[in-house]
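Enquirer: Below you'll find the structure I mean.
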Amino acid sequence: MMKKPKTIYPGRLMINDLPDVLLTEILARVDSHKCALTCKLVCKQWYSLISCSDFVSRFITLHEDHHSLIVLSMGAREGIHGHLYWCMTFIGSQDLESAWTHSTSKTFGKKSECIYIKSSNNDLLLCEFENGMHNAWYVHNPFTTEWFPLPSPPSRLVMAITCDPSYVRDTQGRLCLQNSGRRRFKVLCIGHVRGWPRKEVAYYCSESNRWSEPVRLVNPFSLPSTNFVAYQGKFYWVAETPVYSHHIIVYDPTGAGSEKRLCDFPAGEKCWGTGSRLARLGVCQGSLRMMRTFWMEELQVLTLCVWEILIEDEEHGKISWRLKHSIPSDQMSSQDSSLQSIPKSKIKLLEFDPVNVGIVYLDLCDCIVSCNLTTRNLQVVSEVPSHLISRYPYIKRDVSNMIFPLAHPCWRVPLFS
């Protein structure tokens, strides 16, 4: 039977008759990456068009990342001497949480609850699989559900990850994918030197797929008292000396191989708290930032301060501190009834939002709270999930070192293209 010829209506223009440039402008405005991939199945022309780098660049430019996620990684033991199990909550994305559960079960089987997060950067997570005495390390892309195993680290006291951004700007200012065909990342490892009180540092490079030779830390007080931050390919952290003075340490994996004291904290009032409660580094929209709490004696109130750190000449220690916000806790307000009766002096510092420069996350009586630095409004983002409490009665509810910011890319970029 002969195929019926296509009916052509005079004066009617079909969408596929449009020039590729105009068709790209139309298709690039679909809601999500998932919708764009679905459109590839419509016809060969659309498949070819959406597979083109020009389309991806246009899609990324129109949907430039504007939101992020917070991942809550909490551990608990079943019984006092039982195994340690870890539970993940992707705050703001149930789909991503379901994808995590499916991918860990598929990769690690019955022991999927023994994997937890140690660090995050951009859209990648550094995870540890706790399997008795032989722990394993993975770099995980939760958006593409890929798991990349790392060689065994030389030591594993503390670890952190830094990776290239998913997109770069070309000479015309357009956002586009990296051209290397694979994501580049580095993993920092600080651990004990056998037989020595000092610590050593090494790093893994994805391009060579191996660890560097460990180098002893120059400063015995270079261990982090708070979180690691990856910024412009380097690692930054806050170190605390025995006399409770604090300074920022920087480590460049591509440099001489040793850490360097970058600068002291800016002078201020009496510090409130220690460790992660005292200060927190972060990166937002390409700038290095620090938040810190002070106790204002004359006002008898806790104050949250946020600085932008401008590194003018790292080699000679030329650093500028630009105070962006100074918010007394008695000026913070909330529409949430659960927060109105809680003393704001109980604030613990958590993280910067990696996308929204006006948002920081705080821990207020076991609640993860977002603080709008402009309106000074507090809003509960998440509490410790009740099903975790009922399942794990020994769960630790201090989340100060258990949350990780995660950039949500509008176009999902695999670890390996």
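Just so we're aligned: 346 in this note's numbering is position 350 of the sequence shown, and the numbers increase by one with no gaps anywhere.
Don't be surprised by glycine CBs; every beta carbon is placed ideally from N, CA and C.
None of the values given here were measured: they were computed from a predicted structure.
(1) So which of Asn117, Gln90 and Thr85 has the shortest CA-CA distance to Glu109?
(2) Is the segment 320 to 330 close to the segment 294 to 306, with three or more CB pairs under 8 Å?
(3) On the DSSP bridge assignment, give the partners of Gly278 in chain order.
(4) Val351 and Ala275 - do their beta-carbons sit closer together than 8 Å?
(5) Comparing alpha-carbon positions, which option in Tyr200, Ser53 and Glu203 lies nearest Val17?
(6) In the DSSP assignment, find the beta strand (DSSP E) that holds Arg318 and state where it starts and stops.
(7) Determine the DSSP secondary structure at Lys106, reduced to helix, strand or coil.
(8) According to DSSP, is His130 helix, strand or coil?
(9) Which residues mark the beginning and the end of the beta strand (DSSP E) in which Leu374 is found?
(10) How many angstroms separate the CA atom of Leu374 from the CA atom of Leu345?
(11) Using three-state DSSP, classify Leu411 as helix, strand or coil.
(12) Excluding the five sequence neighbours on either side, which residues of its own chain have a C-beta within less than 7 Å of the C-beta of Ser69, listed in chain order?
(13) Spatial neighbours of Ala95 within its chain, please: CB distance less than 6 Å, with the 5 preceding and 5 following residues excluded, ordered by chain position.
(14) Going by DSSP in three states, Ala24 sits in which element: helix, strand or coil?
(15) Could you say which of Pro339, Gly282 and Lys314 lies nearest to His299 if we only look at CA atoms?
(16) With a Cβ-Cβ cutoff of 8 Å, do Val154 and Ile186 count as a contact?
(17) Taking 8 Å as the cut-off, decide whether the C-beta atoms of Ser378 and Ile87 are in contact.
Expert: Short version:
(1) Thr85
(2) yes
(3) Arg285
(4) no
(5) Ser53
(6) Lys314 to Pro324
(7) helix
(8) In this structure, His130 counts as coil in the three-state DSSP scheme.
(9) Asn373 to Glu379
(10) Looking at the two C-alpha atoms, the distance is approximately 13 Å.
(11) coil
(12) Trp82, Met84, Tyr112, Ile113, Met398 and Phe400
(13) Thr141
(14) coil
(15) According to the sequence provided, residue 299 is Thr. The question's His does not apply to it. Taking only the C-alpha atoms, the option nearest Thr299 is Pro339.
(16) yes
(17) yes
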